[in-house]
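> Protein chains in written order, with the numbering used here: chain W, 9 to 451; chain E, 241 to 741.
Beta carbons are placed, not taken as given, at the ideal position from N, Cα and C, and that holds for glycine.
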Amino acid sequence: MRYIPNSPDERRAMLASLGLERIEELFEQIPPRLRLDGPVGIGSPVSEPELIAWFRRLAAENATDYQSFLGAGAYSHHIPVIIDSLISRSEFFTAYTPYQPELSQGTLQYVFEFQTLVCQLTGMDVANASVYDGSTGLAEAVLMAQRVTRRDKFLIADTVHPQYREVVKTYTKDLGAEVRYVGHTETGTIDFSSLHIDKETAAVVVQSPNFFGCIEDLAALADAAHEAGALLVVAITEPMSLGVLRSPGSAGADIVVAEGQSFGIPLSYGGPYCGLFATREKYLRQMPGRLVGETVDHHGRRGYVLTLSTREQHIRREKATSNICTNQGLFALMATVYLATMGRRGVQEVARQNLNKAHYAADAISKLDGFALRYSAPFFNEFVIRMPRSATEATRALIEKKIIGGVALECYYPDLNDSLLVCVTETASKRAIDDFVDALSKL
Amino acid sequence: MSKDRIKKATSHVVQNEGLLFEESRPGRVGYSIPALDVPERRDDELIERRFLRDDDLEGMPELSEVDVIRHFTRLSTWNYGVDTGMYPLGSCTMKYNPRINERVARIEGFANLHPLTPAPLAQGALEVISRLEECLAAITGLAAVTLQPAAGAQGELTGIAMIRSALTSRGNPRKKVLIPDSAHGTNPASAVICGYTVETIPSREDGTTDLEALSKVMNEDVAALMLTNPNTLGKFEENIEEICRIVHSSGGFVYMDGANMNALVGVTKPARFGIDVMHLNLHKTFSTPHGGGGPGAGPVAVTEELEPFLPFPRVVKTEEGLTLDFNRPKSIGRVRAYFGNFGVLVRALSYILTHGDAGLREATETAVLNANYIAHHLIDTYEIAYPGALMHEVVFSDKRQKKFGVTNADIAKRLIDYGFYPPTMSFPLIVQGALMVEPTETESREELDLFIEAMRSINDEAAEDPDTLKNAPHTTKVGRLDEVAAARKPVLRWRRNNLAE
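#1: I think LYS570 of chain E touches PRO548 of chain E, with their Cβ atoms under 8 Å apart; what is that distance to the nearest whole Å?
#2: Does the Cβ-Cβ distance between ASN469 of chain E and MET496 of chain E come in under 7 Å?
#3: What number of angstroms, rounded off, separates the C-alpha of GLU357 of chain W from the C-alpha of GLY267 of chain E?
#4: Considering only C-alpha positions, which residue in the set E:PHE579, E:PHE312, E:ILE433 is nearest to PHE566 of chain E?
#5: Under 7 Å, Cβ to Cβ, is there at least one residue of chain E near ASN70 of chain W?
#6: Near GLY583 of chain E, which residues of its chain fall below 6 Å by C-beta distance, leaving aside the five closest residues on each side in sequence?
#7: Beta-carbon within less than 7 Å of GLY299 of chain E's beta-carbon, same chain only, minus the 5 sequence neighbours each way: which residues are those?
#8: Give the residues of chain W in contact with ASN337 of chain E, contact being defined as C-beta atoms less than 9 Å apart.
#9: Where ALA740 of chain E and THR245 of chain W are concerned, what is the direct C-alpha to C-alpha distance, given to the nearest angstrom?
#10: Would a C-beta distance cut-off of 7 Å place HIS192 of chain W and ASP199 of chain W closer than the cut-off?
#11: Within its chain, find whatever has a CB closer than 6 Å to the CB of ARG414 of chain E; leave out the 5 residues flanking it on each side and keep chain order.
#12: What residue range is occupied by the uninterrupted alpha helix (DSSP H) comprising ILE244 of chain W?
#13: Can you grab the Cα-Cα spacing for the pair THR448 of chain E / GLU477 of chain E, in whole Å?
#14: Work out the CA separation of ALA137 of chain W and LYS643 of chain E for me, nearest whole Å.
#15: So which residues on chain E does ASN362 of chain W lean against when the C-beta distance must stay under 8 Å?
#16: Do you know how far the Cα of ASP650 of chain E is from the Cα of ASN711 of chain E?
#17: What are the partner residues of VAL214 of chain W, as DSSP defines its beta bridges?
#18: On the three-pair Cβ rule with 8 Å, is the stretch 262–269 of chain W touching the stretch 286–297 of chain W?
#19: Tell me the DSSP bridge mates of PRO420 of chain E?
#20: What do you get for LYS161 of chain W, buried or exposed, if any count of 16 or more other CB atoms within 10 angstroms of its CB means buried?
#21: So what does HIS519 of chain E bridge to, in DSSP terms?
#22: Could you tell me whether the Cβ of VAL635 of chain E comes closer than 7 Å to any Cβ of chain W?
#23: Mind checking whether MET676 of chain E and PRO663 of chain E have CB atoms under 7 Å apart?
#24: Just reading off the beta strand (DSSP E) that SER255 of chain W is part of, what are its end residues?
#25: Answer with buried or exposed for GLN321 of chain W, where buried requires no fewer than 16 other C-beta atoms within 10 angstroms of its C-beta.
#26: Would you mind stating whether LEU240 of chain W and LEU229 of chain W have Cβ atoms separated by less than 7 Å?
#27: Where in the stretch 290–373 of chain W do unbroken runs of the alpha helix (DSSP H), each at least 4 residues long, occur, reported from the N-terminal end onward?
#28: To the nearest angstrom, how far is it from the Cα of ALA351 of chain E to the Cα of SER84 of chain W?
#29: At the 7 Å Cβ level, is ASN14 of chain W part of the contact set with chain A, yes or no?
#30: Any Cβ of chain E within less than 7 Å of the Cβ of GLY308 of chain W?
#31: Counting pairs of beta carbons, one from the stretch 625–640 of chain E and one from the stretch 666–675 of chain E, are three or more of them closer than 8 Å?
#32: Consider the Cβ of ALA740 of chain E: report whether some Cβ of chain W lies at a distance smaller than 7 Å.
#33: Could you list the residues in the stretch 200–231 of chain W with a C-beta less than 7 Å from some C-beta on chain E, going in chain order?
#34: Which residues in the same chain have their Cβ closer than 8 Å to the Cβ of VAL555 of chain E, if we skip the five residues on either side of it in sequence?
#35: Quick check: what's the CA-CA separation for VAL278 of chain E versus ALA266 of chain W?
#36: In this structure, does DSSP put THR647 of chain E in helix, strand or coil?
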């Protein structure tokens, strides 16, 4: 085994230094009837070239040469090549959680930078060192709102990503939280007339741009929530939108969670991604997850440490604000490198390209016979089209033309069987968009 | 300070580097994307002005590609990784992260695959999931596995939620979860999210579970016992079968925290103990990189009885190939969007297949040998609070060094000067001044000997020159940091006026 440095002779010598002859003697604390007398059942070891070839064969069974218009929580964006070179520095990727700050200043400083970037983009006061992803981040936000308000009722827009809502349900079902879904209007945004916020309401939970791509009126929602003493929790699955859209912080949001995948993280069949989590300073002590803070050493030199850990499970155990321990460290680094490389102007330019290309595609599609934009609210890079046939069948037909046309909404919203959720990012060329429109017209 | 004692390390110049925001200069550009090829329209033609940003992303960095490369490369040199040297953090299993795993996870067909790709176009990815589930079922001996949990703590939450669902379907979810005092803090925190209260059970003098104490507290209010095996003292629970019988006889479930599974793979299968559910940390036992704090993955394995409660969707084999089954009426639901940390799963599968049966067993045996080697050669120098047979890790304490006014933190910080990352400190909670050492199988004898020598030398220094320890480390970019000040007046982000101050 090439990952075990010692030779068999060296191992025997080590055993002998312990006064032992056979390695089995070290396992005598396990009762004999529990020990295996045969192989575990994986098979023979596979060599490096054979294994790479096997994985390549598997990977080739996945769609790679299709033009995709899938979004719905995971987005295709250009990824600067330097991200992979930098995260491949083994001092980053083979390090542990920075518990010993003197040997972890590299990790601690980039987490501090990550926290700052998340605050800048979301317009919030404080951000943590990451949570697993957007969906679990939203569940954590709901639990946090319950702690902050000591109220149990949640009004969650039915335009929040369906999988995020499922995760929230799993996390809250045993904690006395009462979840009610709020419908949407023909504009594609939350129906204010059915939003009954009362004194038991802990939080209003929305996504913006929402699952249909529509931009919610966060300022109005924040006012409505705050009037009843409730919080506004905002989920963002496409944070690239923050390059052009007003930040949820400036609109009055109390907790913002986002899926950071858009910032330089490969699609990788759904993970690992990076959950962004930000809030107001006044709620800091109720926040889940790790935090890095600035301080000085005994010579007055600036340095960074993990801080406020009395909120966390390793100190507070059952009274902790969350059970999270391992987060997404290396993927927070990817997002940090992405945002540093694209920078202020790059994020704005990418956001504008998304906005323009999505509108170009939406305009062209809605001009087709029988096609229309389903919702009237403004959108960023995703929109829903209504078509003169089943969207599920349409996506199957498009696959024949090497196009993955988007998400047929029927699987999440059974009455939207004629509706397709389309995402157009900067990675779709005009020609690819034109081909897609042409393919739709010929369905 | 006696530098000649230190063999493994020499101090070296590192570069200073400010924060990204301080290095930023207006007008610098580090990116390259194709020009917009559709007609450009003004933002406010497309979106009402009140929904648009008005701060022009003030404060975000503007840097060239070279600036970015230098910045992060400099930061990286302030870190210590497994590739730098032995990283003996107990319970964290800092083993070598094989490069082939990194290579295969980056193959385009995996890296660029969208999670909502129709199943017929994602057969290779589904095969990875299916195959890894089979491997982990074989390794644990349990009936079925979910790969959805994103880390060990989420695996715990998933497992306890399944137990709650199973008990609820029997008519009573029960009230509490029993957790030994040696357990990791995530155990109680996870049980609480599933609506349970936590009752701590004390360890016996040898560090294992007290059967009498367990029998006394076991009743029909107890949903589950959460047990780490081997526990955080590196001890195998030799009465594990009896423990399972006691819990089962009152209708409870046994949850095994598999954080220390690297001591058991290929030697035994936890299903034989009688446990009902367990999680595995792919970033520990199965070598996926810790990445400075993540990502991990926390698959959960269960018995046949608990299989219906697994999170949905399940990957199932049909005549048309692999598909996703959402029709799981008893499922606890989703714990994460999509399929979990897929890229981590690819790496773990690569690790398992590389080793095969023989390699997995050899890894376990070597990890246990290395831990015992360290314990054996340091037992005369450092107190072992719970002596006796050990598996993959050993917990020392500062008991003998305290008389010199030296604590576990001083010893740990001094190890940094000797070229080692410190062991886990102050955990488990039942050992005062704990120093928890886990070498893993991927350390050579020379590295282990250097560690033993360093620990002995530090013990000598504690007697001769305790101040050297109390002010350590002496060779890092920054010395001991003021953590009290950091918590008293938290500075958690850069602001332009931070600089002005």
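Here's the rundown:
#1: Walking along the second sequence from the start, residue 570 of chain E turns up at place 330. Walking along the second sequence from the start, residue 548 of chain E turns up at place 308. Indeed, because the Cβ distance is near 4 Å, the residues count as touching under 8 Å.
#2: Numbered from its first residue, the second sequence carries residue 469 of chain E at position 229. Numbered from its first residue, the second sequence carries residue 496 of chain E at position 256. MET496 of chain E sits close to ASN469 of chain E, with the two beta carbons spaced by under 7 Å.
#3: Stepping through the first sequence from its first residue, residue 357 of chain W is reached at position 349. Stepping through the second sequence from its first residue, residue 267 of chain E is reached at position 27. Taking C-alpha positions only, GLU357 of chain W is separated from GLY267 of chain E by approximately 14 Å.
#4: To locate residue 566 of chain E, count along the second sequence from 1; it is residue 326. The residue with the shortest Cα to Cα distance from PHE566 of chain E is E:PHE579.
#5: What you label residue 70 of chain W is simply residue 62 of the first sequence in a count that begins at 1. Interface residue, yes.
#6: Residue mapping note: residue 583 of chain E aligns to position 343 of the second sequence, counting from 1. Annotation for GLY583 of chain E: ALA345 place their beta carbon closer than 6 Å to its own, counting only its chain and skipping 5 residues before and after.
#7: Counting from one through the second sequence, the residue named residue 299 of chain E turns up at place 59. Cβ neighbours of GLY299 of chain E beyond the five flanking positions: PHE261, ARG736.
#8: If you number the second sequence from 1, residue 337 of chain E lands on position 97. Taking a Cβ-Cβ cut-off of 9 Å, the neighbours of ASN337 of chain E in chain W comprise SER98, PHE101, THR102, given in sequence order.
#9: Numbered from 1 along the second sequence, position 500 holds the residue referred to as residue 740 of chain E. Numbered from 1 along the first sequence, position 237 holds the residue referred to as residue 245 of chain W. Here the model assigns ALA740 of chain E a pLDDT of 40, short of 50, so the residue's position is not dependable and the matter cannot be decided.
#10: Position 184 of the first sequence, counted from the first residue, corresponds to residue 192 of chain W. Position 191 of the first sequence, counted from the first residue, corresponds to residue 199 of chain W. Yes, Cβ-Cβ distance for HIS192 of chain W and ASP199 of chain W is below 7 Å.
#11: Numbered from 1 along the second sequence, position 174 holds the residue referred to as residue 414 of chain E. Cβ neighbours of ARG414 of chain E beyond the five flanking positions: LEU407, ASP461, ALA463.
#12: Taking the first residue of the first sequence as 1, we reach residue 244 of chain W at position 236. Judged by DSSP secondary structure, ILE244 of chain W falls outside any alpha helix (DSSP H) and instead within the beta strand (DSSP E) spanning 239–244.
#13: By one-based count along the second sequence, residue 448 of chain E stands at place 208. By one-based count along the second sequence, residue 477 of chain E stands at place 237. Note on geometry: alpha-carbon atoms of THR448 of chain E and GLU477 of chain E lie some 6 Å from one another.
#14: Within the second sequence, numbered from 1, the residue matching residue 643 of chain E stands at position 403. Within the first sequence, numbered from 1, the residue matching residue 137 of chain W stands at position 129. Cα to Cα, LYS643 of chain E sits roughly 39 Å from ALA137 of chain W.
#15: Position 354 of the first sequence, counted from the first residue, corresponds to residue 362 of chain W. None at all; the shortest Cβ gap to chain E is about 10 Å.
#16: For the purposes of this step, residue 711 of chain E is taken as the residue at position 471 of the second sequence. For the purposes of this step, residue 650 of chain E is taken as the residue at position 410 of the second sequence. Rounded to whole angstroms, the separation of the alpha carbons of ASP650 of chain E and ASN711 of chain E is 8 Å.
#17: Within the first sequence, the letter at position 206 stands for residue 214 of chain W. Answer by DSSP bridge pairing, in chain order: W:VAL242.
#18: Under the 8 Å Cβ criterion, the stretch 262–269 of chain W counts as touching the stretch 286–297 of chain W, having at least three qualifying pairs.
#19: Translated into positions along the second sequence, residue 420 of chain E becomes position 180. Paired residue(s): E:ILE441.
#20: Position 153 of the first sequence holds residue 161 of chain W. The residue is buried, with at least 16 neighbouring Cβ atoms inside 10 Å.
#21: Counted from its first residue, the second sequence places residue 519 of chain E at position 279. Per DSSP, E:ASP497, E:VAL540.
#22: Here residue 635 of chain E corresponds to residue number 395 of the second sequence, with the count starting at 1. Not closer than 7 Å to any Cβ of chain W, the Cβ of VAL635 of chain E fails to qualify, so no.
#23: Position 436 of the second sequence, counted from the first residue, corresponds to residue 676 of chain E. Position 423 of the second sequence, counted from the first residue, corresponds to residue 663 of chain E. With a cutoff of 7 Å on beta-carbon distance, MET676 of chain E and PRO663 of chain E are scored as near each other.
#24: Along the first sequence, read from residue 1 onward, the residue named residue 255 of chain W stands at position 247. Counting along the chain, SER255 of chain W falls outside any beta strand (DSSP E), and DSSP gives it neither H nor E.
#25: One-based indexing of the first sequence puts residue 321 of chain W at position 313. Under this definition GLN321 of chain W is a buried residue.
#26: Against the first sequence, residue 240 of chain W aligns to sequence position 232. Against the first sequence, residue 229 of chain W aligns to sequence position 221. In this structure, LEU229 of chain W lies closer than 7 Å to LEU240 of chain W by Cβ.
#27: For the stretch 290–373 of chain W, whole alpha helix (DSSP H) runs of length 4 or above, ordered along the chain, are 321–324.
#28: For this step, residue 351 of chain E is matched to residue 111 along the second sequence. For this step, residue 84 of chain W is matched to residue 76 along the first sequence. So the two alpha carbons sit approximately 11 Å from each other.
#29: No chain A is present in this structure, whose protein chains are W and E.
#30: Position 300 of the first sequence, counted from the first residue, corresponds to residue 308 of chain W. The C-beta of GLY308 of chain W comes no closer than 7 Å to any C-beta of chain E.
#31: Taking 8 Å as the limit for Cβ pairs, the verdict is that the stretch 666–675 of chain E does touch the stretch 625–640 of chain E.
#32: For the purposes of this step, residue 740 of chain E is taken as residue 500 along the second sequence, with counting starting at 1. Note that ALA740 of chain E has pLDDT 40, beneath the 50 cutoff, so the model's placement of it is unreliable and the number below is only indicative. False, the Cβ-Cβ gap to chain W never drops below 7 Å.
#33: Correct list: ILE223.
#34: Mapped onto the second sequence, residue 555 of chain E falls at position 315. Take VAL555 of chain E, set aside five residues on each side of it, and the residues of its chain with a beta-carbon closer than 8 Å to its own are LEU366, ILE369, SER370, GLU373, LEU562, THR563, LEU564, ASP565, in chain order.
#35: Position 38 of the second sequence, counted from the first residue, corresponds to residue 278 of chain E. Position 258 of the first sequence, counted from the first residue, corresponds to residue 266 of chain W. Whole-angstrom Cα-Cα distance: 29 Å.
#36: Indexing the second sequence from 1 puts residue 647 of chain E at position 407. Correct three-state label for THR647 of chain E: coil.
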